[in-house]
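Step one of this worksheet: look at the structure below.
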Amino acid sequence: MLNMHPTPTLSHLKPADYQHVYEPAEDTFLFLDALEADVNFIISRSPVVSLEIGCGTGIITTFLQTLLTSHGIPLLSLTTDINPQACKATAATALSNRTSVDAIRTDLAFPLFPRMENGIDILLFNPPYVVTESEEVGSTGIEAAWAGGKDGREVVDRVLRLIPRMLSKNGIFYLVTIRENKPQEIMEYMSTTYNLRSDVVLSRKAGTEGLSILKFYYPA
Ligand SMILES: C[S@@+](CC[C@H](N)C(=O)[O-])C[C@H]1O[C@@H](n2cnc3c(N)ncnc32)[C@H](O)[C@@H]1O
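The C-terminal residue of the sequence shown carries number 247 in the numbering used here, and the numbering is unbroken.
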């Protein structure tokens, strides 16, 4: 059954915080459901290090931490966000939920490489996926939470190109998409270019959004 694991508390965040930091929504909660649904697969890959790009409130990584801890698996969790307020919120969320998460303010994950080259076992990304004008992409404020440019893919595609440098050989990459992002095309690209297998872990219609959580991993 889905969602038996408790959702992290965000009671330390106030409505005014959500003027600056992405407020968890259907995409976020579908992500939590997907991680819980996939926990046996995650455990089977013996993860040690996770990295979330675009952590927002930090709810996803905090959930992953507590989920794996409940299965006796300790995890080193790193997160990044281009928005400094999101990094602050993530640190506070981890503390409020008695977990340990590091939040780094940066574009994608560049300062972590080459040191963490192929060192990420669980990579998480709920990107800015909304189709917008390209000019709207690249802010460091709340707009960065949704503005995805052409096909909602401009930030996503930058991350896809980094995957072979980031993922460990047992690594799993989880990605949120909407229909407009052409998830099938992403899955084909990752297969033909990087030999990564992919599955749709969960899909849900939320209002007009056809959300899916995809996962990518190397064949055993
Ligand atoms: C849809 S929100 C997701 C927030 C949170 N992970 C969640 O699911 O609730 C996307 C997040 O990505 C961040 N972001 C956008 N572009 C980024 C970039 N180039 N590097 C790092 N983070 C970025 C935004 O600031 C925002 O916090």
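Built from N, CA and C at the ideal position, the CB exists for glycine as well. Note that the structure is a prediction, hence the values are computed from the model and not measured.
Rounded Cβ spacing between residue i and residue j (contact assumed at less than 8 Å)
{"i": "LEU194", "j": "ILE147", "result": "6 Å"}
{"i": "CYS82", "j": "ASP44", "result": "So it is not a contact: roughly 14 Å between Cβ atoms."}
{"i": "GLY179", "j": "SER161", "result": "Incorrect: roughly 11 Å between the Cβ atoms, too far for contact."}
{"i": "HIS47", "j": "ALA119", "result": "Not confirmed; about 13 Å, so no contact."}
{"i": "ILE205", "j": "ILE69", "result": "That belief does not hold up - the Cβ atoms of ILE205 and ILE69 are roughly 24 Å apart, past 8 Å."}
{"i": "VAL158", "j": "GLU236", "result": "Not confirmed; about 11 Å, so no contact."}
{"i": "ASN153", "j": "ILE87", "result": "7 Å"}
{"i": "LEU151", "j": "SER77", "result": "7 Å"}
Inter-residue Cα distance where the pair is residue i and residue j
{"i": "TYR221", "j": "ILE80", "result": "20 Å"}
{"i": "LEU187", "j": "PRO33", "result": "31 Å"}
{"i": "THR59", "j": "ASP65", "result": "Contrary to the premise, residue 59 reads as Leu rather than Thr in this sequence. Rounded to the nearest angstrom, the two C-alpha atoms are 10 Å apart."}
{"i": "PHE56", "j": "THR219", "result": "30 Å"}
{"i": "PRO155", "j": "VAL183", "result": "8 Å"}
{"i": "ALA233", "j": "LYS209", "result": "17 Å"}
{"i": "GLY85", "j": "GLY165", "result": "20 Å"}
{"i": "MET28", "j": "ILE131", "result": "Unreliable placement is indicated for MET28, whose pLDDT of 49 sits below 50; the coordinate value is still reported in the next sentence. So the two alpha carbons sit approximately 34 Å from each other."}
{"i": "ALA136", "j": "GLY168", "result": "18 Å"}
{"i": "LEU94", "j": "MET217", "result": "28 Å"}
{"i": "ALA172", "j": "PRO246", "result": "32 Å"}
{"i": "THR89", "j": "GLN211", "result": "29 Å"}
{"i": "TYR201", "j": "GLN112", "result": "24 Å"}
{"i": "LEU122", "j": "ALA174", "result": "29 Å"}
{"i": "GLU53", "j": "PRO138", "result": "30 Å"}
{"i": "THR36", "j": "GLU170", "result": "24 Å"}
{"i": "LYS115", "j": "GLY99", "result": "28 Å"}
{"i": "PRO51", "j": "THR126", "result": "19 Å"}
{"i": "LYS242", "j": "VAL203", "result": "9 Å"}
{"i": "THR133", "j": "LEU91", "result": "21 Å"}
{"i": "TYR244", "j": "GLU181", "result": "22 Å"}
{"i": "ASN145", "j": "LEU189", "result": "10 Å"}
Same chain only: Cβ atoms within 8 Å of residue i, ignoring 5 sequence neighbours per side
{"i": "LEU229", "result": "LEU57, ASP60, ALA61, ALA64, SER239, ILE240"}
{"i": "MET31", "result": "GLU63"}
Sequence-distant residues of the same chain with beta carbon closer than 6 Å to residue i, five excluded per side
{"i": "TYR49", "result": "GLY83, ALA172"}
{"i": "ILE149", "result": "PRO74, SER77, ILE199"}
{"i": "PRO191", "result": "TYR221"}
{"i": "ARG231", "result": "LEU57, LEU238"}
{"i": "ASP129", "result": "LEU105"}
{"i": "ASN110", "result": "THR167, ALA171"}
Beta-carbon contacts of residue i that lie in its chain and below 7 Å, excluding the five residues immediately before and after
{"i": "PHE140", "result": "ARG192"}
{"i": "ASN197", "result": "ARG72, SER73, ASP148"}
Margin query: Threshold first: 3 residues or longer. Then list the beta strand (DSSP E) segments lying entirely within the segment 55-83, N to C.
Written below: 76-80
Margin query: Between the segment 222-240 and the segment 89-105, can you find at least three pairs of beta-carbon atoms closer than 8 Å?
Written below: no
Check: Enumerated in chain order, which unbroken segments of the beta strand (DSSP E) with a length of 3 residues or greater are wholly contained in the segment 133-210?
Finding: 147-152, 194-205
Margin query: Which runs of the alpha helix (DSSP H) at least 4 residues long sit entirely within the segment 90-135? Give them in chain order.
Written below: 111-123
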